[in-house]
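Asker: In this note's numbering, the protein residues as written are -8 to 212. Cβ atoms here follow ideal geometry from the backbone N, Cα and C, with glycine treated the same way. First the structure, which I've put down as structure tokens, then a few questions once you've had a look.
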Amino acid sequence: MLKTMRYHAKYFYVLFFVVILSFIFWGVGTVDKSSNAETIAEVGKYKISVRDYARVYDGMYKFYRDLYKDKFDEEMQKKLKIKEKAIDSLISQTVLLIAAEENGITVSDNELQEAVMNEPAFMKDGVFDSGVYQNVLRFSQLSPGAYEAKKREELVIGKMTRLIQTSAPAADANLDAVSADEQTKKMIRDAMMNAAKEKIVQAYVEGLKTKMKVKINTQLL
């Protein structure tokens, strides 16, 4: 049981990172002012472009391909519904961003600077290196201003997510029947608590979606 929970938790967080990384580096969540950008979805005033969707879809596709290897055939791809997961993830991130704005959640310049300087991708020998920072952004075809704007949004979404999670009920599972030491039982309780937090965020997002104007151009999926 514990092994199975660890297995699924590991890959859930990896997949979540894939979505967040695409969200930060490719501009999902910003108000698209370009009339030339083809829009695949709209959440209120926010637009998600085909390019943004393609980035996240590709990331998920590669993740599942590496996970399932030879089993990742056409039938498996249909069962996983990668296209639907990609667009749903982007919409959920945008909903959280809108909710954060409505709740007055912000990120200070100091918080942003600390987050950037503690980003492992920008470090050399364990310390932030401006040269590495510039090179990574150049490779990603981003200016520092564009990256930092997206990083700020990611931090705002993180704050909003944690705020929602505070209302998750504490795990109070009866594990007396489980043959395990206290450390293992604690790990089980933690896993159950994390699952509860995930569910309450999902419920919150789904609830907000019903009140927001969400449009998806399914023909572009």
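1. I need the straight-line Cα distance from Glu110 to Gly136, nearest angstrom please.
2. Could you tell me the distance, in whole angstroms, from the CA atom of Ser83 to the CA atom of Val123?
3. Could you name the residues of the same chain whose beta carbon sits closer than 7 angstroms to that of Val86, not counting the 5 residues immediately before and after it, in chain order?
4. Residues bridged to Met114 by DSSP?
5. Use the C-beta contact count for Val147: other C-beta atoms within 10 angstroms, 16 or more gives buried, fewer gives exposed.
6. What residue does the beta strand (DSSP E) around Val205 start on, and which one ends it?
7. Please state whether DSSP places Trp17 in a helix, a strand or coil.
8. Give the secondary structure of Thr175 by DSSP, where H, G and I count as helix, E and B as strand, and everything else as coil.
9. Curious, which full-length alpha helix (DSSP H) runs of at least 4 residues does the segment 132 to 157 contain?
10. Which residues does DSSP pair with Glu33 in a beta bridge?
Answerer: Quick answer:
1. 16 angstroms
2. 31 angstroms
3. Val34, Val196, Leu199, Lys200, Met203
4. Phe119
5. buried
6. 205 to 207
7. Residue confidence is low: Trp17 scores 44 on pLDDT, short of 50, so the model does not pin down where it sits. Its coordinate-derived value is still stated next. In the structure shown, Trp17 sits in coil (DSSP, three-state: anything other than H, G, I, E or B).
8. helix
9. 135 to 156
10. Lys38, Lys206
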